[in-house]
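**Student:** Heads up, the sequence shown stops at 1723 in my numbering, and the numbers go up one at a time, no gaps.
Positions of the beta carbon are idealized from the N, C-alpha and C atoms, including for glycine.
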Amino acid sequence: MKSVSAFQSTFASAFCGAIAIATLFCGFPTAASAAVNLALNGTASADASQSGNGAGNAIDGSVSTRWCATDGNTGHWWKVDLGAVYTLGGYQIVWEMAGDSYQYLVEVSNDDVTYTTALDKTSNAETAQVQTENFTGTVKGRFVRITVTGLSSGSWASFYECSVFGVAGTTPAPAINNLALVGSSSSDGDQGGNPSSNAIDATASTRWCATDGNTGHWWKVDLGAVYNLNGCQIIWEFNGDYYQFLVEVSNDDNTYTTALDQTANTSISNQIQSYDFLSGTKGRYVRITVTGLSNNHWASFYEFGVFGSTPTTGLLHTGLNASAVASALSVSNKASDNGAVLHYAVPSGSASRVDMRLFDLKGIERRTLVNGMLPSGRYSLAFDNRDGQGRRLAAGTYLCRYRVISGNGLVDTRAATVTVNR
Ligand SMILES: [Ca+2]
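1. Nearest to V1712 by alpha carbon, out of N1672, R1692, N1634, S1628?
2. Does the beta-carbon of Q1430 have 16 or more other beta-carbons within 10 angstroms, so that it is buried, or is it exposed?
3. Measuring straight from C-alpha to C-alpha, what distance separates L1662 and W1519?
4. Can you give the beta carbon distance from G1467 to G1390, rounded, assuming they're within the 8 Å contact cut?
5. Are at least three pairs of beta-carbons, each pair with one atom in the segment 1522-1535 and one in the segment 1481-1490, less than 8 Å apart?
6. I'd like the list of long-range same chain contacts for I1394, defined as Cβ closer than 6 Å, with 5 residues on each side in sequence excluded.
7. Using 8 Å as the threshold, is the C-beta distance between T1417 and E1408 below it?
8. Taking a contact to mean a Cβ-Cβ separation below 8 Å, would you say L1452 touches E1434 in this structure?
9. Could you check whether the Cβ of D1661 sits closer than 7 Å to any heavy atom belonging to ligand 1?
10. Below 6 Å CB to CB, which residues in the same chain sit around Q1404 once its five sequence neighbours on both sides are set aside?
11. Which residues does DSSP pair with G1514 in a beta bridge?
12. Could you tell me if A1716 is buried or exposed, where buried requires 16 or more neighbouring beta carbons within 10 angstroms of its beta carbon?
13. Output the residue ranges of the beta strand (DSSP E) runs that lie fully inside the segment 1339-1402 and measure 3 residues or longer, sorted by chain position.
14. State the Cα-Cα distance for the pair G1664 and R1702, rounded to the nearest angstrom.
15. Assign I1477 to one of three DSSP states: helix, strand, or coil.
16. Can you give me the start and stop residues for the beta strand (DSSP E) that F1466 sits inside?
17. Using only the alpha-carbon positions, how far apart do D1361 and L1341 sit?
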């Protein structure tokens, strides 16, 4: 991210999630097994592993065991053999340290000899401990290798878990991201010190916990808009004990339908669990109700991730529900990945009409990005590099014009440049 303003840095962690999402607009059809972690059944190795922190610790489904290199140098690699060539949608890494940025290169190979770059994170500045990334274009491979190229002072190449998501065959892999990171959470009750928001802070050491050890407690996230939803991922408090639960989705927070039924689960006890939702699942609200507990545990998890993709119409547009803001517009253009993220604020007061449009440098309007009434607050919008007819725009510089109109007329108008990469 470049040109980080105070406005952006205040919400850096939320925007990191939005930026990850920004790479996802590929229009992939729904396919089975979007959210299955292929790495769990793989074989891991590394160029060097610290005693007690072997490569296999990063694919054991637990965030209490980790791989670690033998020293603090850069250049160490870790890889997983998935056992067969898959079409890969993305991955997730739970790094050892929260708040540090790790720079790394993700490469894939069919034969463990010739590797090609799947995602270049050698300039990565994100500091979230749990980083979920989508591959753009078609990425296939049997071997996935992570080479750590840069470290914060005092950090070693080390992560608790690396999940790899993909599908068999040549079907394009669905988007892998975490829509929940820019959502807002709530529950039927939070234990002191363990609020619902801990499950969407991309940190594997903070958790939501219910107020007692009873079953029936629920947690939910409002994604801010209706999405096509592929699946979810849960990092439970405990590894090795099963949890029984129901995941439901809703467009209006009133009528819920089942997306995933694990109320009879007694066999899956990994701390990190990834699931596909039922085919065709869509929704804005995602609610998990814990229906059964083992070993006297309470309903509690470190993270709840939601995998999904942009609605069939419209852009990914999420309110962050902040109060008391001034009108603002800024753009996070990304150099290596497609898709800028536009950050804007609707000023305090009554709801305003927002009119945001994209123009090319000849002044021709190419797309209406936002046109509607919005409450005061900060928003981010992940741009999919497409025009109003859904066609991919040519690479280059475009102009975003942002207007706020209240009942009394034009309040503010602002502009910023948007870079489209191909
Ligand atoms: Ca682990």
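**Tutor:** Reading it off the structure:
1. S1628
2. buried
3. 50 Å
4. 5 Å
5. yes
6. Q1432, F1460, C1463
7. yes
8. no
9. no
10. T1423, N1425, T1450, G1451
11. Beta-bridge pairing links G1514 to no other residue.
12. exposed
13. 1344-1347, 1378-1396
14. 11 Å
15. coil
16. 1459-1468
17. 6 Å
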